[in-house]
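Reading through the C-alpha cells given below for one structure.
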Amino acid sequence: MTDTTAPSTVAQALAAAMALGIDRLDAQLLLLHALGRPVNDRAWLLAHDTDPFPGEAWPAFAARLSRRTAGEPVAYLLGEKEFHGLQLQVDARVLVPRPDTETLVEWALACLDGRPAPRVLDLGTGSGAIALALQHARPDAQVDAVDASADALAVARANAQRLGLPVRFTESNWLDGATDGYAVIASNPPYIAAGDPHLPALRHEPTRALVAGADGLDDIRQIVRDAPAHLADGGWLLLEHGHDQAEAVRQLLAARGFAEVQSRNDLAGIARCSGGIWRTVK
33 MTDTTAPSTV AQALAAAMAL GIDRLDAQLL LLHALGRPVN DRAWLLAHDT
83 DPFPGEAWPA FAARLSRRTA GEPVAYLLGE KEFHGLQLQV DARVLVPRPD
133 TETLVEWALA CLDGRPAPRV LDLGTGSGAI ALALQHARPD AQVDAVDASA
183 DALAVARANA QRLGLPVRFT ESNWLDGATD GYAVIASNPP YIAAGDPHLP
233 ALRHEPTRAL VAGADGLDDI RQIVRDAPAH LADGGWLLLE HGHDQAEAVR
283 QLLAARGFAE VQSRNDLAGI ARCSGGIWRT VK
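As C-alpha cells, this is what we get:
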C-alpha cells in the first residue's frame, strides 16, 4: 500500500481495505485481527463503525492488506482457521483447511457409527484438521495421522496439544510402516495435475501438498493400491479429490476390489469425496 495515512475510524479502515479489491469478509476478518478482536465478532464492527481507529494498528494492518492483495491466504495472515468447530493454527507449512473437507469428516464419522473404540488413520494430515476433527467427535477412537513433512507435523502436533486431543502423529510417506486393522482410512491427498491453470492462485501454499503427477491421481493410485493391507474387514477407504475426478477415483477403487464404491457431494453439490469398503471375503 502506498498510502501511509491511517484512517480515522473503524469504518474508514474497512473501506480502505475494500478499496484495494479485498473481499468484504476478508477485510472484516483482517480488521478484527488488527484491532485485537475475535475474528468471529463481525457484529462488533457494525456496532463500532464510528469508533476511532487506533493509529498504532495501521502499519501491521496495512502490511497484511498488501500481502492479501498479493494472494496470500487470509488464514495465514490471521494464523488460524476454523474447521469442523475447531480453531486450528495454520501457516505456510500446511494447506489451509477447506470447508469442503468437512464432507470427508462427516462421511468418516458415519462409517464409524456403531463401532466401539475404532481405529482411524488420516493420511497426509497437514495441519491435523481431519484427524483432530475425528478425535474430537469420537473421543473413544484411536486416531493416527501421518505426513511426509516434518514441518506440517510440527503444526499438527501443536494444534493437538493446544486442543488437548490425543492424536498420534508419525512422519511417513503414506502407508509406509503403517499397522493394520483400521476401521477407516481417510485422506485429503494432493490431487492437482502438474500444469493445472489454477496452481498460480495457490502459489502461497505448499506445492508438495497440492500436485500429484500429470493427471493429479498419482498419490490416490498409491493409497488405493496399498490401503487394503491396513484396513480391517469391513473397513472404509475415503478419499477427497478434485471436482472432476470422482469417476476416475471410483474406477480405481472398484478395480482394486473395493465394494460399495460411491461418492459424496460437498456443500456446492460437487462430488468431492469417493470411497469404498474392503471385505476380506469376496
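For the sequence shown, my numbering gives the first residue as 33, with consecutive numbering after it. Glycine is no exception: its CB is placed at the ideal position from the N, C-alpha and C atoms.
Short check: CB of Phe85 to CB of Val42, under 7 Å? yes
So is Asn205 buried or exposed if we call it buried at 16+ other beta carbons inside 10 Å? exposed
Check each candidate in Arg200, Ala180, Leu46 and Tyr108 and name the one with the smallest Cα separation from Trp76. Leu46
Can you tell me which of Arg253, His275, Tyr223 and Ala233 puts its alpha carbon nearest to the alpha carbon of Arg240? Tyr223
Assign Leu270 to one of two classes, buried (16 or more other C-beta atoms within 10 Å of its C-beta) or exposed (fewer than that). buried
Who pairs with Leu270 in a beta bridge, going by DSSP? Ala218 and Gly307
Taking the straight line between their C-alpha atoms, what separation do you get for Ala261 and Asp212? 7 Å
Can you tell which of His230, Leu164 and Gly160 has the C-alpha that lies nearest to the C-alpha of Ala180? Relative to the Cα of Ala180, the nearest Cα in the group His230, Leu164 and Gly160 belongs to Gly160.
Could you check where the beta strand (DSSP E) with Phe317 kicks off and where it finishes? Residue coverage of the chain in this structure runs from 33 to 314, which leaves residue 317 outside it and unanswerable.
Contact between the stretch 112 to 127 and the stretch 175 to 195 (3+ Cβ pairs under 8 Å): Under the three-pair Cβ rule at 8 Å, the stretch 112 to 127 counts as touching the stretch 175 to 195.
Would you mind stating whether Val281 and His273 have Cβ atoms separated by less than 7 Å? yes
Would you tell me roughly how many angstroms separate the C-alpha atoms of Glu279 and Gln254, rounded to the nearest one? Approximately 17 Å, taken between the alpha carbons.
Go ahead and pull the three-state DSSP assignment for Thr37. coil
May I ask which residues mark the beginning and end of the alpha helix (DSSP H) holding Arg99? Trp90 to Thr101
Out of Cys305, Ala225, Asp132 and Ile162, point me to the one whose CA is closest to Asp250's CA. For the residues Cys305, Ala225, Asp132 and Ile162, the minimum Cα distance to Asp250 belongs to Ala225.
Is it a yes or a no for the stretch 62 to 74 touching the stretch 105 to 114, going by three-plus beta-carbon pairs under 8 Å? yes
Which same chain residues, not among the five before or five after Ala89, have their C-beta less than 7 Å away from its C-beta? Ala66 and Leu67
Select from Gly308, Pro148 and Arg200 the residue whose C-alpha is nearest the C-alpha of Arg296. Measuring from the Cα of Arg296, the nearest candidate turns out to be Gly308.
Using a Cβ-Cβ cut-off of 7 Å (strictly less than) and excluding sequence neighbours within five positions of Ala48, which residues of its own chain qualify? Cβ neighbours of Ala48 beyond the five flanking positions: Pro39.
Contact set for Thr34: own chain, Cβ-Cβ below 8 Å, skip 5 residues either direction: Because Thr34 carries a pLDDT of 42, less than 50, the predicted location of this residue cannot be relied on, and the following value inherits that uncertainty. So the list is empty, once near-sequence residues are dropped.
Mind checking which residues open and close the beta strand (DSSP E) that includes Asp250? Asp250 -> not in any beta strand (DSSP E); alpha helix (DSSP H) instead, spanning Asp250 to Asp258.
DSSP three-state assignment for Ala224, whether helix, strand or coil: A small correction: the amino acid at residue 224 is Ile; Ala does not occupy that position in the sequence shown. In the structure shown, Ile224 sits in a strand (DSSP, three-state: E or B).
Rounded C-alpha distance that separates Leu52 from Leu144: Computed Cα separation, rounded: 46 Å.
Between the beta-carbon of Val256 and the beta-carbon of Leu284, is there less than 7 Å? yes
Return the Cβ separation of Ala215 and Val152 in integer angstroms, given the expectation that the two are a contact with Cβ distance under 8 Å. 6 Å
Endpoints, beta strand (DSSP E) assigned at Glu112: Unbroken beta strand (DSSP E) run through Glu112: Glu112 to Phe115.
Roughly how many angstroms separate the alpha carbons of Glu104 and Glu114, rounded to a whole number? 17 Å
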